[in-house]
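One structure is given here, and the rest of the page talks about it.
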C-alpha cells in the first residue's frame, strides 16, 4: 500500500497532530481568537458506533464527566449544561450541535449568554483491533480570562485537566462497566474503624 504521508493520520488531537485534518470546524476551534484550546485522545477497546451512541445520549455524560452535574436535552440539536465550577459554584450554558456524522463525530458550540463560552468536537475513529481512538478538542473562554483559568486550575476544574480525566473515566466505563475510584464508601470506612 503506497499512501502519502499527508494522508496518514496519527492518534494525536488536532491541536498537536503533525498534519492537521482538512476540516473547517476543527480549524475554527484551533484558530479561535482569544480562546484556550485543549486536545486529548484515548483509545477505547469498543466500536466507534457503540461509543458514539453512548456519548450522543447527552444525559449520560454526567456518569463519567466528573464536573457535569447534568445535561438536559432541549431538542435534537440543543442541550442545557450545568457544570460545577471552583468554590462550589456552578456555571450553565445552552449548547447547539453544529456538525454531526453518526458514528464519527459531534461538534458543538455554546449559545450566546453562556457563563463559559465554549465550542468543541469529539471524534470516534476506528483503530482496528485496538478499538476506537476518541479525540476531544475543546475551545473555551474562561471567565475573567487568564486569571479565571489559573483559579480553575488550582481547584482542578480547568478543562485541560478535566478532559484528560473524563476521557480516562469514559474508557474505564465503556471497557469495564464501572469507573475505578480510590474513594471509600461509608461501609468501608466504618469497617476500617472497627
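In the UniProt record's numbering, the protein residues as written are 1 to 194. Quick reminder that beta carbons are idealized off the backbone N, C-alpha and C, glycines included.
Let's test the definition: count the other Cβ atoms within 10 Å of the Cβ of residue i and tell me whether it reaches 16, buried, or not, exposed.
i: residue 67; result: buried
i: residue 133; result: buried
i: residue 129; result: exposed
i: residue 174; result: buried
i: residue 73; result: exposed
i: residue 121; result: buried
If you measure between the beta carbons of residue i and residue j, is that distance less than 8 Å?
i: residue 48; j: residue 169; result: no
i: residue 104; j: residue 123; result: yes
i: residue 38; j: residue 163; result: yes
i: residue 90; j: residue 71; result: no
i: residue 78; j: residue 95; result: yes
i: residue 166; j: residue 65; result: yes
i: residue 107; j: residue 118; result: no
i: residue 177; j: residue 46; result: no
i: residue 136; j: residue 40; result: yes
i: residue 127; j: residue 43; result: yes
i: residue 82; j: residue 69; result: yes
For residue i, which three-state DSSP category applies?
i: residue 5; result: At residue 5, the pLDDT of 39 sits below 50, so the modelled position is not reliable; the number obtained from the coordinates is stated separately. DSSP places residue 5 in helix when its eight states are reduced to three.
i: residue 175; result: helix
Does at least one heavy atom of the ligand HEM sit under 7 Å from the Cβ of residue i?
i: residue 56; result: Looking at this structure, you won't find the ligand HEM or any other ligand, since it has none at all.
Runs of alpha helix (DSSP H) wholly within the UniProt domain "Coenzyme Q-binding protein COQ10 START" (44-166) (minimum 4 residues, chain order): With a minimum length of 4 residues, the continuous alpha helix (DSSP H) runs that stay inside the UniProt domain "Coenzyme Q-binding protein COQ10 START" (44-166) are 48-56 and 145-154.
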